[in-house]
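Undergrad: Got a structure for you, questions after.
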Amino acid sequence: MIILAGPDDDGLTGALEALGADVVRVEGIATRESLDAAGLAEAHTLVLTEMDDASAIPVAKEANTEVRIVTYSRDSLPEFARGQADLAIDPDLLTPDVVADELANGHVGE
Numbered sequence: 001m002i003i004l005a006g007p008d009d010d011g012l013t014g015a016l017e018a019l020g021a022d023v024v025r026v027e028g029i030a031t032r033e034s035l036d037a038a039g040l041a042e043a044h045t046l047v048l049t050e051m052d053d054a055s056a057i058p059v060a061k062e063a064n065t066e067v068r069i070v071t072y073s074r075d076s077l078p079e080f081a082r083g084q085a086d087l088a089i090d091p092d093l094l095t096p097d098v099v100a101d102e103l104a105n106g107h108v109g110e
């Protein structure tokens, strides 16, 4: 399962679902509670699209040490979270279809 937290202005959720990926959206601020409710314990990937939610990265890693963290945002990942994110992607460089293919097929972070 892939959790996508934050706005999805670029259509990554649709691209993932078109490939058959199980996607759970977290609307609003990504917190321990909202991530747990979305199924963080079972998720293999957490995608953050809003860097204001970067504080969720260490929280997610603490709760699920195996979860891969991907940021899909035009904004820079804050310094404190860079060491825990597996991949930072700028939507201007890679389309949602390309990113979805990598995420759905489990190639990110390997």
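Numbering of the sequence shown is given in the UniProt record's numbering, commencing with residue 1 and proceeding in unit increments.
For every residue, glycine included, the Cβ atom is placed at its ideal position computed from N, Cα and C.
1. In three-state terms, what does DSSP make of T65?
2. Measuring alpha carbon to alpha carbon, tell me which of A104, T13, T31, V98 ends up nearest E62.
3. Among M1, V24, A15, L4, which one has its Cα closest to the Cα of L94?
4. I need the DSSP call for A85, collapsed to helix, strand or coil.
5. Need the endpoints of the alpha helix (DSSP H) that L94 sits in, please.
6. So which of D9, A21, I3 has the shortest CA-CA distance to D90?
7. Give the DSSP bridge partners of L4, in chain order.
8. Taking the Cβ atom as the reference point for each residue, do V23 and S34 lie within a distance shorter than 7 angstroms?
9. Going by Cα to Cα distance, which pick from F80, L48, D97, P58 is closest to R74?
10. Let's see if you can read the secondary structure: which residues bound the alpha helix (DSSP H) around R32?
11. State the Cα-Cα distance for the pair P7 and L87, rounded to the nearest angstrom.
TA: On the basis of the supplied data:
1. Counting from 1 along the sequence shown, the entry for residue 65 is found at position 65. T65 falls in the coil class under three-state DSSP.
2. Within the sequence shown, the letter at position 62 stands for residue 62. Comparing Cα positions, the closest option is T31.
3. Indexing the sequence shown from 1 puts residue 94 at position 94. Out of M1, V24, A15, L4, A15 has the C-alpha closest to the C-alpha of L94.
4. Here residue 85 is taken as the residue at index 85 of the sequence shown, counted from 1. Note: A85 maps to coil in three-state DSSP.
5. Working through the sequence shown from its first residue, we reach residue 94 at position 94. No alpha helix (DSSP H) contains L94, which DSSP labels as neither H nor E.
6. Mapped onto the sequence shown, residue 90 falls at position 90. When each option's Cα is compared against that of D90, the closest is D9.
7. Counting from 1 along the sequence shown, the entry for residue 4 is found at position 4. Note: L4 sits in a beta bridge opposite R25, V47.
8. Within the sequence shown, numbered from 1, the residue matching residue 23 stands at position 23. Within the sequence shown, numbered from 1, the residue matching residue 34 stands at position 34. Their beta carbons are not under 7 angstroms apart, which means V23 does not touch S34 by this criterion.
9. Counting from one through the sequence shown, the residue named residue 74 turns up at place 74. Cα-wise, what sits closest to R74 is L48.
10. Sequence index remark: in the sequence shown, residue 32 carries index 32 (1-based). Where R32 is concerned, the enclosing alpha helix (DSSP H) stretches over 32 to 38.
11. Residue mapping note: residue 7 aligns to position 7 of the sequence shown, counting from 1. Residue mapping note: residue 87 aligns to position 87 of the sequence shown, counting from 1. P7 and L87: Cα-Cα distance of roughly 18 angstroms.
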